[in-house]
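A quick write-up on the structure given underneath.
Number of protein chains: 2
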Amino acid sequence: MGRWEPNARGRLEQAALELYAERGYEQTTVAEIAKRAGLTERTYFRHFADKREVLFAGAAALRELLVTTVADAPADATPIDAVAAALDAVAGMIGGRREGARQRQSVIVANAELRERELIKLAALSAGLAEALRGRGVGEPAASLAAEAGIAVFKVSFEQWIGEARDRELPEIIRQLLDELKAVTAGR
Amino acid sequence: MGRWEPNARGRLEQAALELYAERGYEQTTVAEIAKRAGLTERTYFRHFADKREVLFAGAAALRELLVTTVADAPADATPIDAVAAALDAVAGMIGGRREGARQRQSVIVANAELRERELIKLAALSAGLAEALRGRGVGEPAASLAAEAGIAVFKVSFEQWIGEARDRELPEIIRQLLDELKAVTAGR
Numbered sequence: 216m217g218r219w220e221p222n223a224r225g226r227l228e229q230a231a232l233e234l235y236a237e238r239g240y241e242q243t244t245v246a247e248i249a250k251r252a253g254l255t256e257r258t259y260f261r262h263f264a265d266k267r268e269v270l271f272a273g274a275a276a277l278r279e280l281l282v283t284t285v286a287d288a289p290a291d292a293t294p295i296d297a298v299a300a301a302l303d304a305v306a307g308m309i310g311g312r313r314e315g316a317r318q319r320q321s322v323i324v325a326n327a328e329l330r331e332r333e334l335i336k337l338a339a340l341s342a343g344l345a346e347a348l349r350g351r352g353v354g355e356p357a358a359s360l361a362a363e364a365g366i367a368v369f370k371v372s373f374e375q376w377i378g379e380a381r382d383r384e385l386p387e388i389i390r391q392l393l394d395e396l397k398a399v400t401a402g403r
Numbered sequence: 216m217g218r219w220e221p222n223a224r225g226r227l228e229q230a231a232l233e234l235y236a237e238r239g240y241e242q243t244t245v246a247e248i249a250k251r252a253g254l255t256e257r258t259y260f261r262h263f264a265d266k267r268e269v270l271f272a273g274a275a276a277l278r279e280l281l282v283t284t285v286a287d288a289p290a291d292a293t294p295i296d297a298v299a300a301a302l303d304a305v306a307g308m309i310g311g312r313r314e315g316a317r318q319r320q321s322v323i324v325a326n327a328e329l330r331e332r333e334l335i336k337l338a339a340l341s342a343g344l345a346e347a348l349r350g351r352g353v354g355e356p357a358a359s360l361a362a363e364a365g366i367a368v369f370k371v372s373f374e375q376w377i378g379e380a381r382d383r384e385l386p387e388i389i390r391q392l393l394d395e396l397k398a399v400t401a402g403r
């Protein structure tokens with residue numbers, strides 16, 4: 216490993232987002248990202264496998280947080296309560312970074328390969344949630360349905376959050392949409 | 216166009232599924248699929264753009280059926296009722312072909328590129344459903360949530376249907392899982 220670079224990872228993520236937004240994802244090279252961050256390409260590749268992965272580097276931490284929150288939910292929590300707690304934890308993690316989330320989303324929606332990668336990430340989060348629920352003794356199909364419902368609420372909430380001009384916070388939107396999903400499935 | 220080939224499309228689909236199952240998707244060529252179907256490569260490419268698309272040729276019809284069923288649902292149907300009717304129509308369309316669905320699924324789960332394509336197809340079905348619901352005057356986020364919930368139920372039901380040894384039919388599984396989702400989101 217080279218010398219210690221203070222917050223190299225965060226600086227590279229920030230530089231990549233800026234360049235992707237300014238020039239487009241296809242037109243940006245790893246060399247340019249490293250330069251903007253004041254680091255070397257070698258440092259970049261110590262942190263990320265390629266120029267795509269810098270956009271998805273948070274996925275593992277997201278999954279980990281979902282899974283541990285479900286596992287740590289009180290023994291008498293229902294499956295949807297455990298999922299709600301997990302979404303609340305995730306919202307707390309990413310909720311303070313609306314501008315970065317907006318930038319990232321605009322890069323992703325503009326590129327088919329990135330949209331695919333985002334769908335794969337969401338599917339992996341759903342699979343992780345379902346597995347954590349089964350680990351609590353929730354049977355099938357309840358575990359898979361609760362997990363899919365949770366990711367659906369997360370996805371729609373996230374889009375509302377980055378789309379709207381108002382200042383509702385992500386945890387609040389998620390709680391509201393969980394209630395809305397309950398009303399919708401109940402046939403209201 | 217060449218001379219009329221009776222059910223060329225269906226024969227090519229069947230031949231592709233057989234060869235993908237026997238030899239693997241990567242190892243199969245379009246020339247081999249055409250030969251197995253007793254047709255020419257030229258005929259193949261009149262029906263499908265490449266060897267991947269033969270596995271996803273039904274997606275457009277599926278989307279069309281979902282969308283028109285939602286549009287044609289009674290005026291007083293709730294969003295989830297309209298979604299349920301659409302899933303029932305789709306189940307009727309594919310429900311008689313469990314063996315083919317199993318073969319197709321085993322090809323898809325074995326290949327990362329095909330799994331991605333399947334996720335994209337499901338996302339497109341959800342987007343189509345949401346749009347059809349908005350066309351009925353359903354607002355957001357109810358339209359997106361009902362659509363995502365419907366596709367989640369479809370996905371989990373489909374996996375149960377092709378996975379289980381018993382002879383429950385797909386429409387029955389879907390109806391049961393819609394009830395189960397209702398119970399799960401209500402906190403039971």
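Line order of the protein sequences matches chains H and B.
According to our numbering, the first sequence holds residues 216 to 403 in order.
According to our numbering, the second sequence holds residues 216 to 403 in order.
Using N, Cα and C, we set each Cβ at its ideal position, and we do this for glycine too.
Contact with chain H by residue i, beta-carbon distance below 8 Å
| i | result |
| --- | --- |
| D287 of chain B | no |
| R226 of chain B | no |
| I295 of chain B | yes |
| L302 of chain B | no |
| V399 of chain B | yes |
| P221 of chain B | no |
| V371 of chain B | yes |
| A367 of chain B | yes |
Cβ pair residue i, residue j closer than 8 Å
| i | j | result |
| --- | --- | --- |
| V322 of chain B | R330 of chain B | no |
| L270 of chain H | R226 of chain H | no |
| L232 of chain B | R319 of chain B | yes |
| G402 of chain B | D291 of chain H | no |
| A347 of chain B | V305 of chain B | no |
| L337 of chain B | I366 of chain B | yes |
| L340 of chain B | R267 of chain B | no |
Closer than 8 Å to chain B by CB, residue i
| i | result |
| --- | --- |
| T284 of chain H | no |
| E363 of chain H | yes |
| T243 of chain H | no |
| R278 of chain H | no |
| E233 of chain H | no |
| E346 of chain H | no |
| E395 of chain H | yes |
| G402 of chain H | yes |
Three-way DSSP call (helix, strand, coil) for residue i in this model
| i | result |
| --- | --- |
| A288 of chain H | coil |
| F260 of chain B | helix |
| G225 of chain H | helix |
| K250 of chain H | helix |
| Q242 of chain B | coil |
| A325 of chain B | coil |
| A386 of chain B | Note on identity: in this sequence residue 386 of chain B is Pro, with Ala being the wrong assignment. Here P386 of chain B sits in helix by DSSP. |
| V269 of chain B | helix |
| A401 of chain B | coil |
| L396 of chain B | helix |
Beta-carbon proximity list for residue i, same chain, < 6 Å, skipping 5 on both sides
| i | result |
| --- | --- |
| F369 of chain H | L302 |
Residue i beta carbon near the ligand NAD (any heavy atom closer than 7 Å)
| i | result |
| --- | --- |
| A249 of chain H | Among the ligands in the structure shown, none appear at all, so the ligand NAD cannot be discussed. |
Residues near residue i in its chain [Cβ-Cβ closer than 7 Å; skip 5 each side]
| i | result |
| --- | --- |
| R349 of chain B | A358 |
| I377 of chain H | R313, A316, R317, Q320 |
Cβ shell of residue i (< 8 Å), same chain only, five flanking positions each side left out
| i | result |
| --- | --- |
| A276 of chain B | M308 |
_Against chain H, which members of the segment 309–343 of chain B pass a CB distance test of less than 7 Å?_
E331, L334, I335, A338
_Please list, in chain order, the residues of the segment 262–273 of chain B that have any C-beta partner in chain H closer than 9 Å._
none
_Short-range partners of chain B found in the segment 346–360 of chain H, where Cβ spacing is below 7 Å_ = P356, A357, S359, L360
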